[in-house]
Amino acid sequence: MSENVPDHLQYTAEHEWVDGSSPATVGITRHAADALGELVYVELPEVGTEVTAGSVCGELESTKSVSEIFAPVTGRVVETNQAVVEDPSLVNSDPYGAGWLLKVEITTPGALISAEEYAALVQA
């Protein structure tokens with residue numbers, strides 16, 4: 010696809026991505042990061058929290074707006090990226106790398122779409 014929609018990830022219609030590992034790494038897409046603008050605050054669930062696919066699990070605040078983070082999978086949070094809490098701009102500069110948000114031990118995958126399907130969604 011492109012650096013904006015990496016092929017090896019799966020996506021949600023709400024602009025989150027998840028990799029196929031276990032525990033799964035979760036973040037927001039380049040499209041979402043660009044739409045939000047400069048992030049100034051990141052709120053993530055605590056380690057040990059059970060998250061449910063499709064439900065809110067955190068919040069991103071930018072100079073423009075506040076946006077909810079939706080869990081792409083169901084499971085238990087095993088790690089959060091404290092670097093993005095301390096420096097939210099990492100999400101803007103590297104959403105698929107240093108700007109990841111949390112890691113979840115998956116019990117059930119959510120309604121995930123392929124890179125191709127996500128690219129079509131954001132181009133529509």
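Each position in the sequence shown, counted from 1, maps to that position plus 9 in my numbering. C-beta: ideal position from N, C-alpha, C; glycine also. A quick note: this is a predicted structure, and the numbers were derived from the prediction, not measured.
What residues match up with serine 76 in a beta bridge as DSSP calls it?
Leu69, per the DSSP bridge assignment.
Among Pro32, Gly106 and His24, which has the Cα closest to the Cα of leucine 45?
When each option's Cα is compared against that of leucine 45, the closest is His24.
Check the C-beta distance from tryptophan 109 over to valine 35 and give it rounded, since I have them as a contact under 8 Å.
Contact flag correct, Cβ pair sits at about 7 Å.
Residues bridged to threonine 83 by DSSP?
BP columns for threonine 83 point to Thr117.
DSSP three-state label for alanine 124, please.
Here alanine 124 sits in helix by DSSP.
Using only alpha-carbon positions, find the residue among Ile115, Val113 and Gly106 that is nearest to valine 14.
Per the Cα distances, Gly106.
Does DSSP put leucine 130 in a helix, a strand or coil?
Note: leucine 130 maps to helix in three-state DSSP.
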